[in-house]
Amino acid sequence: MQSPHIALLVNPKSGRRRAAVTAVRLKEALREAGARVHVYSGGSAADSRRLARLAAADAPHALVAVGGDGLVHQALQGVVGTGVPLAVVPAGTGNDIARAFGRPRGSVRDVAAAILRGRTRSVDCVRVELADGTRRHFLSVLACGFDARVNERVNGFRFRIGRAGYLAGVVAELGSFKPVRYEIDVDGRVIDEPGMLVAVGNTTSYGGGMKVCAAAEPDDGLIDVVFGRETPLARFLLLFPLVFTGGHLDRPEIVSERGRTVTIRAEGVPVYADGERLGGAPLVCEVVPKSVEMLELTS
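What the sequence shown shows, in the UniProt record's numbering, is residues 1 to 299, in sequence order.
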């Protein structure tokens with residue numbers, strides 16, 4: 001019987017180089033368990049995306065992303081629609097995708113055993129297309145507005161410190177942010193008014209556990225849309241802590257919708273998905289049901 005073939009995709013700089021150490025230990029544990037292991041180490045986001053597609057084309061038993069949400073985003077571009085299972089071993093700062101699909105438990109040998117066990121779950125992802133023709137898939141949340149600008153600030157910080165860094169970015173952005181005029185179409189239902197942010201969620205959280213799309217389910221064939229209406233910044237700052245529990249969804253300043261296709265038109269706002277910068281609006285999001293096989297590593 002042929003040994004299982006496992007592809008490891010790693011961002012060696014992720015988590016202050018914690019990902020590189022984790023990848024080496026996992027490679028050794030997988031080989032001890034009888035697997036053939038090929039390690040792909042990307043030097044940039046584009047390089048990781050290229051390597052993910054190369055790895056998936058070789059039809060491994062699993063593509064294992066060792067890093068943060070950004071690396072998982074690149075891995076997704078390789079496996080979506082291929083049937084190659086995707087496993088997430090978190091070694092970044094936010095790790096929201098791993099939080100959504102189950103963080104690995106136990107020792108590195110336990111993680112290797114779970115990978116080789118091959119238990120999978122079919123989940124949705126979301127395809128996004130920008131006006132310049134850029135197409136990408138994402139697994140967690142797309143941000144367009146105040147939250148995306150915060151992401152830009154956090155990416156410019158010298159050190160990454162997870163949720164604390166995101167909160168520092170919120171404080172830094174509050175002084176200069178101005179509401180944006182949005183036109184949002186969710187399966188024909190239109191929101192046309194100024195607002196603070198739009199989040200499109202396949203899963204619940206971003207920013208290290210901020211439950212912006214708290215009701216989102218990654219296997220229901222739908223995407224959740226959360227729109228924050230124009231609000232005085234002082235009021236917005238008071239409401240902001242509710243995002244950690246999902247309590248903001250009950251507030252009148254928030255509009256929630258759910259659908260299969262979402263179009264967002266706005267000017268001058270960046271767009272991030274899975275924590276990665278994609279470009280700017282306008283954009284179209286469409287759910288791709290059961291298009292990804294996620295490996296279950298929690299037991």
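C-beta atoms are modelled at their ideal positions from N, C-alpha and C, and glycine is treated no differently.
Rounded Cβ spacing between residue i and residue j (contact assumed at less than 8 Å)
i    : j    : result
L86  : L63  : 6 Å
V80  : V292 : 6 Å
H73  : A273 : 7 Å
A199 : V180 : Contact flag wrong, Cβ pair sits at about 13 Å.
T298 : G102 : 4 Å
H38  : A7   : 5 Å
L239 : H248 : 6 Å
CB contact flag (residue i, residue j, <9 Å)
i    : j    : result
A65  : L9   : yes
N202 : V141 : yes
V262 : E286 : yes
F146 : M196 : yes
P194 : R149 : no
G67  : A91  : yes
L51  : A19  : no
S3   : A35  : yes
E152 : I264 : no
Nearest candidate by alpha-carbon position, reference residue i, set the options
i    : options                   : result
V128 : C144, T120, K178 and L239 : C144
T288 : H38, S122 and V24         : The sequence shown places Val at residue 288, not Thr. Looking at the Cα atoms, S122 is the closest of the given residues.
L278 : I97, F138 and G92         : F138
R260 : R105, A75, D187 and P60   : D187
L76  : V271, H38 and R135        : R135
I191 : A266, I97, G207 and Y206  : A266
L295 : A281, A100, V271 and V198 : A100
L281 : A29, G78 and A131         : Here residue 281 turns out to be Ala, not Leu, going by the sequence shown. Among A29, G78 and A131, the Cα nearest to that of A281 belongs to A131.
G208 : L297, G275, L51 and K290  : G275
L233 : K178, A216 and C213       : K178
Y40  : I184, A214 and A55        : A55
A57  : G78, A35, D185 and L71    : G78
R258 : F244, D185 and V21        : D185
A214 : T22, P60, F244 and R235   : F244
T93  : G83, A114 and D69         : D69
A114 : F240, V271, V88 and P12   : V88
I97  : Y206, T120 and R105       : Y206
T82  : R105, G106, R53 and P104  : R53
T120 : H61, G106 and R105        : H61
V126 : A23, E32, V21 and D219    : D219
D124 : G106, A216 and G133       : A216
S256 : R235, P241 and R189       : R189
Limits of the beta strand (DSSP E) - the one that residue i falls within
i    : result
G259 : I254 to G259
F138 : R135 to F138
V37  : R36 to S41
D47  : D47 -> not in any beta strand (DSSP E); alpha helix (DSSP H) instead, spanning A45 to A57.
L9   : H5 to V10
V141 : V141 to G145
V284 : L283 to L295
C213 : C213 -> no beta strand (DSSP E), and no H or E assigned at all.
R229 : I223 to R229
V271 : P270 to A273
E183 : V180 to V186
A87  : L86 to P90
D192 : R189 to G201
T120 : T120 to L130
L242 : L242 -> no beta strand (DSSP E), and no H or E assigned at all.
E267 : First-last for E267: undefined, no H or E at that position.
Endpoints, the alpha helix (DSSP H) within which residue i is located
i    : result
V79  : D69 to V79
F101 : D96 to F101
A234 : L233 to L239
R117 : V108 to R117
Closer than 9 Å to chain D by CB, residue i
i   : result
P60 : Here chain D cannot be found, since the structure has a single protein chain.
Check: Would the region 97-112 and the region 220-232 be scored as touching if the rule is three or more Cβ pairs under 8 Å?
Finding: No, they do not touch.
Check: Is the region 46-57 close to the region 250-263, with three or more CB pairs under 8 Å?
Finding: Between the region 46-57 and the region 250-263, the count of C-beta pairs closer than 8 Å stays below three; the two stretches do not touch.
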